[in-house]
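Let me begin by presenting the structure, written as C-alpha cells, before commenting on it.
There are 2 protein chains.
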Amino acid sequence: MKLTTKGRFAVTAMIDVALNNHEGPVTLAEVSERQKISLSYLEQLFGKLRRHGLVESVRGPGGGYNLAKLPATISVSDVILAVDEPIDTTSCGGEKNCFEEQQCLTHHLWASLNAHIFTYLQGVSLESLVDDARERKSPSIHVVRDLRKEPFSERPLTLNTHVPSVVNVTV
Amino acid sequence: MKLTTKGRFAVTAMIDVALNNHEGPVTLAEVSERQKISLSYLEQLFGKLRRHGLVESVRGPGGGYNLAKLPATISVSDVILAVDEPIDTTSCGGEKNCFEEQQCLTHHLWASLNAHIFTYLQGVSLESLVDDARERKSPSIHVVRDLRKEPFSERPLTLNTHVPSVVNVTV
DNA sequence: GCTATAGCCGAGTAATTTAGTCAAGCAAAC
DNA sequence: GTTTGCTTGACTAAATTACTCGGCTATAGC
C-alpha cells in the first residue's frame, strides 16, 4: 500500500463525492474544480476506484460517479489500495534478495510498522471523514438540518491539502 | 520524517555497527561489504548520523565509527530523522496552500497517521533490534556466551532487506 | 616526514517514481 | 445526432532517490 499524493487525492476526491452525491452522480469536472485536482488525473484515479468497486459510474449527460457502498463501509485503506498498484505482498520469505535468514531482521521491523499503519487506516471510514468535513464547514447548521437531503449550495469545500509534510507510505 | 530505503539503509548500518564495534571502531568498508550498501552512500549517511550525534568517528588507520550513545537510548525514529532532510514541521496552519479552513480536514487524517507512525518508531530502540539480530543468528550461543565481549567471526550478518514492499513514510 | 588508511565533503548523474497530459474513443440523454 | 461525460492507453515532465566521483583532511605506523 502506498500513500503518496495519489492516495491523498483519491481520499479527498472520495470525500468530495460523498459530500455531493445527494442529488445524482457527481461529475469529475466538479470534483476537479472544487478540489483543484487535474481532471485527467481524476479520470485515471476513478477508473481504478471503479474497478475496485468503490464507486460506480453513470455515463452520458447527467452522469458522473456515485459511491458504490455506504461511506461507513469504505475505509481509507480501501481507497489507497485501490488507486495504487496491486499490492504484491511479497514478504521476506518469497524474495530473492532475502537470501540470508538475517535479512528478515530489519524486515520484521518494517513489516510490523506496515501492519500498524494498515490497521490504523483500515479503522478510519470515509463516513467519519465526511462527518468531520460537515462539522467543520458549518457546525451550527449541522445540528439542525440533515445535509444528506439537501444540496450544498455554499462555496465548495476544498478538502485537499498540499502540505509538504506528505504522508508517503508503502505497505 | 521520511522512510525510504535511505532510512532503511541507515537503520541496517546502525545495527551492523552495534553488532561489530566490540573491538574498536567499525569501518564503513566493512559495513559496506557485509550489508551490500555502496560505500560512498554510507559515507553520505554516516556524515548525517555523526552530525546528529548518533555515531562518533575516528579518523586515520584503525579508525571508523562507534555508536555515540547506548543502543538502548537510540530509537529508530532518531536514525531516520538524522538521515533525512530537516523536518520542517510546516503544518497546515503555516502553509500557503492551506488557504481554506476545510483543507485541514484531510490534513488532520494524515497528521494523525504521522503521529502514530512516529510514536511507533520512537518506541523501537536500536538495542531491541540488535538483540533480535543476535537471537536469530545463533539462538543457542546467545544463551551461553556474551557476544558483546568477543569478536563475531562467523559469516557476517546481512541485515538489509531490499523487499519490494518498501516502507516509505514522510512525517 | 612519508605513506597508507579511513573519514569528510560537495557536486554531479542515473534511475525510478510521481504526477500529469493528450488523444481517440464509447454510451446515454435529449 | 449532438452533447455530455465516462473509458482507455500511451506518452511526457518533473521530482525524488540513490547513488558515483574526485579531491580533500586527519592520523597511525614505519
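Chains as they are written, first to last, in the numbering used here: chain X, 1013 to 1183; chain R, 1013 to 1183. Note that the Cβ used here is the ideal one computed from N, Cα and C, for glycine as well.
Please give me, in chain order, every unbroken run of the beta strand (DSSP E) with length at least 3 that falls completely inside the segment 1047-1102 of chain X. If one requires a minimum length of 3 residues, the beta strand (DSSP E) runs lying completely within the segment 1047-1102 of chain X are 1067-1070 and 1076-1079, in chain order.
What's the gap between the Cα of I1049/X and the Cα of Q1134/X? Going by the C-alpha atoms only, they are around 25 Å apart.
Would you call the CB atoms of L1040/X and E1055/X closer than 8 Å? Yes, the pair counts as a contact, with Cβ atoms nearer than the cut-off.
Proximity test, Cβ basis, 8 Å: R1157/R and chain X: Bear in mind that the predicted position of R1157/R carries a pLDDT of just 28, short of 50, making it too unreliable to give a figure here.
Can you check whether the C-beta of V1067/R is within less than 8 Å of a C-beta belonging to chain X? By this cut-off, V1067/R is not an interface position.
Would you call the CB atoms of V1088/R and K1018/R closer than 8 Å? With a cutoff of 8 Å on beta-carbon distance, V1088/R and K1018/R are scored as not near each other.
Helix, strand or coil: how does DSSP classify V1023/R here? Correct three-state label for V1023/R: helix.
Cα separation between R1063/R and L1121/X? Between R1063/R and L1121/X, the C-alpha separation is close to 25 Å.
Does DSSP put V1136/X in a helix, in a strand, or in coil? In this structure, V1136/X counts as coil in the three-state DSSP scheme.
How long is the line joining the alpha carbons of S1137/X and G1059/X, rounded to whole angstroms? A straight line joining the alpha-carbon of S1137/X with that of G1059/X spans about 21 Å.
Using only the alpha-carbon positions, how far apart do V1029/X and S1052/R sit? The straight-line gap from Cα to Cα measures roughly 49 Å.
8 Å Cβ cutoff met for M1013/R and L1093/R: Going by C-beta atoms, M1013/R is nearer than 8 Å to L1093/R.
Taking its Cβ as the centre, do 16 or more other Cβ atoms sit within 10 Å of G1074/X, making it buried, or is it exposed? Exposed, since its Cβ has fewer than 16 Cβ neighbours within 10 Å.
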